[in-house]
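The block underneath contains the structure these notes are about, expressed in structure tokens.
In the numbering used here, the protein residues as written are 30 to 170.
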């Protein structure tokens with residue numbers, strides 16, 4: 030199995046599980062998802078490592094609860110607001126057109142929102158724990 034090159038993770042982060050240490054080391058070395066270094070290093074990883082770095086499966090299934098548990102309440106409220114806004118837009122669409130959205134569309138929107146939580150969580154947690162940044166923007170650099 031391919032290993033992500035490790036930078037020295039600060040000693041106070043040793044209390045985290047190895048997968049969090051690996052994620053933190055990757056972000057520390059390559060920057061965030063918008064950084065060109067990140068994109069280049071991310072492309073070089075195997076599929077399993079890409080999923081480890083970019084997706085959080087607990088957040089996919091339990092997003093709003095898990096982000097509150099991690100202490101990412103500001104970003105979680107922002108994501109809940111986005112989710113609510115999407116629901117309102119879809120509700121207005123159904124109301125104005127007089128049609129009901131197919132179940133597949135509803136499922137697709139729900140999976141897309143769950144994927145949003147899953148892809149935001151790891152980097153947001155890194156920013157909070159390592160960089161000490163905890164803002165409202167779930168997509169910050």
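Don't be surprised by glycine CBs; every beta carbon is placed ideally from N, CA and C.
Check	Outcome
Mind checking which residues open and close the alpha helix (DSSP H) that includes residue 45?	That residue, residue 45, is in no alpha helix (DSSP H); it is neither H nor E in DSSP.
So, for residue 34: in the same chain, excluding its five sequence neighbours on each side, which residues have a beta-carbon less than 7 Å away from its beta-carbon?	Because the pLDDT of residue 34 is 49, which lies under 50, any placement of that residue in the model is unreliable, and the number read from its coordinates should be weighed accordingly. 58.
CB-CB under 7 Å to residue 38, same chain, minus the five flanking residues each way: which ones, in chain order?	Model confidence at residue 38 stands at a pLDDT of 48, short of 50, so the residue's coordinates are unreliable and nothing is read from them.
Compare the C-alpha of residue 169 against each of 159, 161, 152, 132 and name the closest.	152
Are the CB atoms of residue 149 and residue 131 nearer to each other than 8 Å?	no
With a cut-off of 8 Å, do at least 3 Cβ pairs link the segment 60 to 76 to the segment 113 to 120?	no
Is residue 128 helix, strand or coil when you go by DSSP?	coil
Determine the closest residue to residue 41 out of 164, 159, 163, 128, with distance taken between C-alpha atoms.	159
Could one say the Cβ of residue 91 lies closer than 8 Å to chain B's Cβ atoms, at least one of them?	Note that chain B does not occur in the displayed structure, where there is just one protein chain.
From the DSSP output, in three-state form, read off residue 72 for me.	helix
Given this structure, state the Cα-to-Cα distance separating residue 91 from residue 126, to the nearest angstrom.	32 Å
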